[in-house]
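To keep things clear, I will list the structure first and then write my remarks on it.
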Amino acid sequence: GMDRKFGPALYPGVLKMASKMKAPPVPTHLVYSDGTDTISRLRYEDEDLTGKPEVAGNEPGDGTIVAASIEAVGKAWEQSDRGAVHYHKAPGATSHKDLIACDFTTELVRRLL
15 GMDRKFGPAL
25 YPGVLKMASK
35 MKAPPVPTHL
45 VYSDGTDTIS
55 RLRYEDEDLT
65 GKPEVAGNEP
75 GDGTIVAASI
85 EAVGKAWEQS
95 DRGAVHYHKA
105 PGATSHKDLI
115 ACDFTTELVR
125 RLL
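The sequence shown begins at 15 in our numbering and counts up one residue at a time.
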């Protein structure tokens with residue numbers, strides 16, 4: 015692989031931010047989708063990240079966020095014992111922007127309230 019400086023330079027700051035992030039101290043409901051092939055890895059020709067990357071991998075998601083990332087956050091929050099985590103996977107290929115107001119989500123919120 016190429017020698018990358020950009021990612022490693024940012025990583026300490028990312029770790030610092032992540033260490034300060036805490037699980038919500040209340041029951042949390044994660045609404046997500048795994049029905050769309052979602053970019054999970056990009057490959058750049060060189061250090062110039064303004065160039066067009068090549069898609070190097072896809073995973074199930076909502077077209078913006080891969081489902082495994084949502085599930086990983088939920089699992090980490092579960093370990094904190096600060097509040098229950100509930101997973102609600104929307105059926106089919108619901109896009110990231112449509113998850114906020116699709117029938118699945120509005121019906122879920124109605125039931126939860």
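Ideal Cβ positions, reconstructed from N, Cα and C, are used throughout, including at glycine.
Using the C-alpha atoms, what's the distance from residue j back to residue i?
i      : j      : result
MET45  : LEU122 : Per the sequence presented here, residue 45 reads as Val, with Met not at that position. Answer to the nearest angstrom: the Cα atoms are 9 Å apart.
LYS103 : TYR25  : 30 Å
SER47  : LEU29  : 27 Å
TRP91  : THR78  : 21 Å
GLU73  : PRO39  : 30 Å
LEU63  : LEU56  : 10 Å
ARG96  : ALA37  : 6 Å
GLY71  : ARG125 : 37 Å
PRO105 : GLU68  : 29 Å
Mind reading off the beta-carbon distance from residue i to residue j? Whole number of angstroms is fine, and I expect it under 8 Å.
i     : j      : result
GLY49 : ALA107 : 4 Å
Within this structure, are the beta carbons of residue i and residue j separated by less than 8 Å?
i     : j      : result
ASP60 : LEU113 : no
With a 10 Å radius around its C-beta and 16 neighbouring C-beta atoms as the bar for buried, classify residue i as buried or exposed.
i     : result
VAL80 : buried
THR52 : buried
TODO: With a floor of 4 residues, list each alpha helix (DSSP H) that falls wholly inside the region 64-124, ordered by position along the chain.
DONE: DSSP runs (the alpha helix (DSSP H)) wholly in the region 64-124: 81-94.
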